[in-house]
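Written below as structure tokens is the structure these notes are about.
Numbering (this note's numbering), first residue to last: 4 to 302.
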């Protein structure tokens with residue numbers, strides 16, 4: 004193999020992720036990083052739920068992968084749709100880092116401290132719905148852009164607080180800005196892990212990236228992605244799921260909510276697989292919640 008070409012978005016966080024993979028692979032192969040701009044990087048003035056969801060961050064990269072411009076793609080796994088297009092596969096999942104969301108504020112140390120009417124920034128319906136369930140008196144406003152851009156908007160005084168993935172903050176050296184880890188907010192499927200996507204059946208690249216693969220993380224995120232696939236959820240539906248795997252079982256908890264946070268269903272399991280857990284929650288009221296016609300307004 005002459006060189007492994009690694010495709011990635013061009014944000015600082017995406018490049019950190021690609022360089023992490025490149026460093027591991029460079030022990031055995033020459034590597035090159037190829038920056039690719041995605042639709043999700045271009046459209047920054049609308050919530051993801053209203054413009055197409057997770058595929059916005061992978062489509063152009065998958066096109067480059069399909070035509071051989073790159074040999075593999077590195078994604079934050081939470082940005083990868085639960086069902087890949089034909090012709091692609093996830094060949095490796097890295098060891099998971101902090102899977103939870105983080106509360107970041109220059110004024111307050113927790114959600115509880117924000118006064119009524121305070122403004123919280125997030126682009127995620129999942130985060131917004133769970134926050135509104137806890138604090139219906141807060142105002143949620145759309146916050147798009149890379150991590151640095153979101154922090155600059157907070158520092159400019161546009162928000163009382165913002166909610167970001169803890170793993171991204173820590174990877175970029177912003178761990179000190181985290182005021183609280185929100186373990187009560189159930190994260191997105193795959194949050195905290197990186198995925199290596201390849202052309203389906205490319206055994207040479209699949210073998211090369213196994214140095215990155217973590218079996219325990221894979222078992223947990225497979226549960227989460229199976230759950231999400233059965234639910235039919237992505238950025239357009241407020242759904243969260245988090246699983247932890249050990250040698251004997253997988254423990255998981257999940258949430259299905261209406262966009263305004265008024266209707267919410269939570270459950271946990273240590274016996275069911277991802278699809279069965281999703282079926283249980285849908286039958287217990289999750290399907291009804293998902294049918295409700297709520298439109299959370301991002302002003």
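Cβ coordinates follow ideal geometry from the N, Cα and C atoms, glycine included.
Problem set entry | Exposure of residue 136, with buried meaning 16 or more beta-carbon neighbours within 10 Å | If you draw a 10 Å sphere on the C-beta of residue 136, you find 16 or more other C-beta atoms in it, and that means buried.
Exercise. Roughly how many angstroms lie between the CA atoms of residue 149 and residue 262, to the nearest whole one?
Worked result: Cα to Cα, residue 149 sits roughly 23 Å from residue 262.
Exercise. Under 8 Å between the Cβ atoms of residue 75 and residue 201?
Worked result: Against a cut-off of 8 Å, the Cβ pair of residue 201 and residue 75 comes out as a contact.
For this session: Quick one: grab the DSSP three-state call for residue 320.
Result: The requested residue 320 is not part of the displayed model; the chain covers only 4 to 302.
For this session: Assign residue 127 to one of two classes, buried (16 or more other C-beta atoms within 10 Å of its C-beta) or exposed (fewer than that).
Result: Buried, by the Cβ-count rule.
For this session: Using alpha carbons as the reference points, say which of 94, 12 and 291 lies closest to residue 205.
Result: Scanning 94, 12 and 291 for the CA closest to the CA of residue 205 turns up 94.
Exercise. Is residue 221 near residue 277, with beta carbons less than 8 Å apart?
Worked result: Taking 8 Å as the Cβ cut-off, residue 221 and residue 277 do not qualify as a contacting pair.
Problem set entry | residue 223 vs residue 257 beta-carbon contact at 8 Å | Taking 8 Å as the Cβ cut-off, residue 223 and residue 257 do not qualify as a contacting pair.
For this session: Pick helix, strand or coil for residue 292, following the three-state DSSP scheme.
Result: Collapsing the DSSP output to three states places residue 292 in a helix.
Problem set entry | Whole-angstrom C-beta distance between residue 8 and residue 35, which should lie under 8 Å | Sure, about 5 Å apart at Cβ, within 8 Å.
For this session: Check whether the Cβ atoms of residue 181 and residue 105 sit closer than 8 Å, and answer yes or no.
Result: Remark: C-beta atoms of residue 181 and residue 105 approach each other more closely than 8 Å.
Exercise. What separation, rounded to the nearest whole angstrom, lies between the Cα atoms of residue 283 and residue 85?
Worked result: Approximately 19 Å between the Cα atoms of the pair.
For this session: List the endpoints of the continuous alpha helix (DSSP H) containing residue 224.
Result: Looking at the DSSP string, the run of the alpha helix (DSSP H) that includes residue 224 is 218–234.
Exercise. Roughly how many whole angstroms lie between the Cα atoms of residue 242 and residue 251?
Worked result: If you take the alpha carbons of residue 242 and residue 251, they lie about 26 Å apart.
Problem set entry | Under the three-state DSSP convention, the category residue 120 falls into | Here residue 120 sits in coil by DSSP.
Exercise. For residue 276, which of helix, strand or coil comes out of DSSP?
Worked result: The DSSP-derived three-state label of residue 276 is coil.
For this session: From the DSSP output, in three-state form, read off residue 172 for me.
Result: Three-state DSSP puts residue 172 in a helix.
For this session: Just confirm the distance between the C-beta atoms of residue 194 and residue 102, as a whole number of angstroms; I'd bet it's less than 8 Å.
Result: Their Cβ separation, rounded to whole angstroms, is 5 Å, which keeps residue 194 and residue 102 in contact under 8 Å.
Problem set entry | Opening and closing residue of the beta strand (DSSP E) in which residue 246 lies | Taken as a continuous stretch (DSSP letters only), the beta strand (DSSP E) holding residue 246 covers 242–248.
Exercise. With distances taken between CB atoms, is the gap from residue 121 to residue 156 smaller than 8 Å?
Worked result: Taking 8 Å as the cut-off, the beta carbon of residue 121 is found no closer than this to the beta carbon of residue 156.
For this session: Tell me whether the beta-carbon of residue 163 lies closer than 8 Å to the beta-carbon of residue 108.
Result: Against a cut-off of 8 Å, the Cβ pair of residue 108 and residue 163 comes out as a contact.
For this session: Grab me the residues of residue 219's own chain with a C-beta within less than 7 Å of its C-beta, minus the 5 sequence neighbours each way, in chain order.
Result: Taken in chain order, the residues that qualify are 248.
For this session: With DSSP as the reference, label residue 72 as helix, strand or coil.
Result: In this structure, residue 72 counts as coil in the three-state DSSP scheme.
For this session: At 4 residues or longer, and completely inside the region 190–215: list those alpha helix (DSSP H) runs for me, N to C.
Result: Those alpha helix (DSSP H) runs which fall completely within the region 190–215 and span 4+ residues are 206–211.
For this session: Identify the continuous alpha helix (DSSP H) that holds residue 185 and give its terminal residues.
Result: Looking at the DSSP string, residue 185 is not in any alpha helix (DSSP H); the run it does join, the beta strand (DSSP E), is 183–185.
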